[in-house]
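K.L.:
Below is a structure I'd like to ask you about.
Residue numbers (the working numbering): 147 to 271.
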């Protein structure tokens, strides 16, 4: 199994109604990410890439160093968790992307972030 496959990413998303303004086409979401190192070596997250798609098909790309201002190192068996957010113009959308990481020999690799949905409650049947 490749190193990329030994780093697992799971995401839970939440609608933040108190911060949203539907009449202004502003829908705010939070998402909690868990990154687990299932390999036998230390890895470090260096940067992120997100593709955010709203309900109208409008796509936005976000790139940046680390996550929430840090470039965490994960020891074997360790999970790193963080919470961030996104603002959409529609009550429904999705996000996906990848993390640029390095192994303990400083060799770069990418770990995929599986697509997840951003949805206002009761928007889907």
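Note that the Cβ used here is the ideal one computed from N, Cα and C, for glycine as well.
Please state whether DSSP places residue 207 in a helix, a strand or coil.
P.N.:
Indexing the chain shown from 1 puts residue 207 at position 61. In the structure shown, residue 207 adopts extended strand secondary structure according to DSSP, grouped into three states.
K.L.:
Check whether the Cβ of residue 247 lies closer than 6 angstroms to any heavy atom of the ligand MG, and answer yes or no.
P.N.:
Among the components modelled here there is no ligand, and therefore nothing to report on the ligand MG.
K.L.:
Starting from the Cα of residue 171, find the closest Cα among 239, 186, 155, 226 and give me that residue.
P.N.:
The sequence position of residue 171 within the chain shown is 25, counting from 1. It is 239.
K.L.:
Just curious, the alpha helix (DSSP H) that residue 234 is in, first and last residue?
P.N.:
For this step, residue 234 is matched to residue 88 along the chain shown. Run containing residue 234: none in the alpha helix (DSSP H); it sits in the beta strand (DSSP E), 225–234.
K.L.:
Checking the sheet assignment: what are the DSSP bridge partners for residue 190?
P.N.:
Looking up residue 190 in the chain shown gives position 44. Bridge partners of residue 190: 219, 248.
K.L.:
In angstroms, rounded to a whole number, what distance separates the CA positions of residue 252 and residue 188?
P.N.:
The residue labelled residue 252 in the question sits at position 106 within the chain shown. The residue labelled residue 188 in the question sits at position 42 within the chain shown. Cα to Cα, residue 252 sits roughly 10 angstroms from residue 188.
K.L.:
Does the beta carbon of residue 219 sit closer than 7 angstroms to a beta carbon anywhere in chain C?
P.N.:
This model lacks chain C altogether; it includes just one protein chain.
K.L.:
Span of the beta strand (DSSP E) holding residue 264?
P.N.:
For this step, residue 264 is matched to residue 118 along the chain shown. The continuous beta strand (DSSP E) containing residue 264 extends over residues 254–265.
K.L.:
Taking only the alpha-carbon atoms, compute the straight-line gap between residue 147 and residue 165 and give it to the nearest angstrom.
P.N.:
Here the question's residue 147 lines up with position 1 in the chain shown. Here the question's residue 165 lines up with position 19 in the chain shown. Using only the alpha carbons, I get a separation of about 42 angstroms.
K.L.:
Assign residue 238 to one of three DSSP states: helix, strand, or coil.
P.N.:
Locating residue 238 in the chain shown gives position 92, counting from the first residue. Strand, per DSSP.
K.L.:
Please go through the same chain and pick out, in chain order, the residues whose beta-carbon is closer than 6 angstroms to the beta-carbon of residue 157, but skip the five residues on each side of it.
P.N.:
On the chain shown, position 11 is the one that residue 157 refers to. If we look at residue 157 and ignore the five residues flanking it on each side, its Cβ neighbours are 177, 179, 262.
K.L.:
Per DSSP, what kind of secondary structure is residue 163 in: helix, strand or coil?
P.N.:
Residue mapping note: residue 163 aligns to position 17 of the chain shown, counting from 1. Helix.
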